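See structure below.
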Amino acid sequence: MSEVEMGIIAKKHKGPVTAMPVKDVGLDGPDLGFTRIYDYTYQKYISVVKGGTLDDFLATSLNKKKEEVRKQRNIVMRIIDIIKMLSKQALPFRGHRNESAYTLDNDTLNHGSFVATVQLMAKYDPIMAAHVSSVQYKSEQRLKRLEKQGKTESKGRGGLVTYLMDSTQDNTSIDQFSILIRYVFKGIICERLLSVVPSNDSTGQGLFNLLSQTLEHHKIDPRKCSSDSTDGAASYHGQYKGL
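Counting from 620, one number per residue, gives the positions in the sequence shown under the working numbering.
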């Protein structure tokens, strides 16, 4: 009997866990054997651990799925109603800032009409309360993961980086500068947006100060910036007293 044909299945009972060959339970051939092994062991798991049959388990799972869909639809319906109300009243959705989910606990901040309405509804509606709580938790966990990832990449980066810088004017004619870096981490080329910041000083010195402050904030050594990537504007080039 080959090793494949001697595939084993776990047999759980009151005593210790034992194993027996495929053929001992009437299985023939590797493909059929593995299929039956899976079915047999899975049904044993359901019956022993869950205390029911496979049909019971599937029915329970389906009911849980339906309940989750129902909850999510109720949340979406409430959010749509909030959007319709704000639109009808011609109210702005966003605040000036402080809209992030991780600041929702701070009642002194202006989160904007949309988030404020969601918060108000969550005070009296258990469905929205659970949703807001879940959003806050997931946001905090995501921030922790991103922070951990950033620290890991920062340690692994260690070497040279390239910075990219460009700007565009917003509707108030103020230049908004985007600053990015490129680097190699574990053999993979990575690109990260560091900041998008406004500036009224588009001279070479002003751009240098803005870039230096951004690199310092992210603890990036300027001496490890091996190259830059900018457009053809004179303010970026040294021969024109640019950056």
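Cβ coordinates follow ideal geometry from the N, Cα and C atoms, glycine included. Computed from a predicted structure; not experimentally measured.
Residue i - DSSP class collapsed to helix/strand/coil
i, result
"Thr736", "helix"
"Thr849", "coil"
"Leu812", "strand"
"Ser821", "coil"
"Gln691", "helix"
"Leu677", "helix"
"Asn725", "coil"
"Ala709", "coil"
"Ile656", "helix"
Residues sharing a beta bridge with residue i, DSSP
i, result
"Phe804", "Ile807"
"Asp785", "Ser797"
"Val780", "Cys844"
Rounded Cβ spacing between residue i and residue j (contact assumed at less than 8 Å)
i, j, result
"Val780", "Ile800", "5 Å"
"His750", "Ile694", "5 Å"
Residue closest to residue i, alpha-carbon to alpha-carbon, out of the options
i, options, result
"Asn725", "Ile698, Ile839 and Gln738", "Gln738"
"Ile746", "Phe733, Lys707 and Arg697", "Arg697"
"Asn819", "Arg811, Leu829 and Leu813", "Leu829"
"Asp864", "Leu762, Val803 and Leu813", "Lying outside 620 to 862, the shown extent of the chain, residue 864 is not represented and no answer is given."
"Tyr782", "Ile699, Asp847 and Gln691", "Asp847"
"Glu835", "Ile798, Leu681, Val695 and Ala749", "Ile798"
"Thr849", "Ala741, Lys805, Phe827 and Met740", "Phe827"
"Lys690", "Ala748, Tyr802 and Lys805", "Ala748"
- Answer yes if the segment 727 to 734 comes into contact with the segment 753 to 760, meaning at least three C-beta pairs across the two stretches below 8 Å, and no otherwise. At 8 Å Cβ cutoff, the stretches do not touch.
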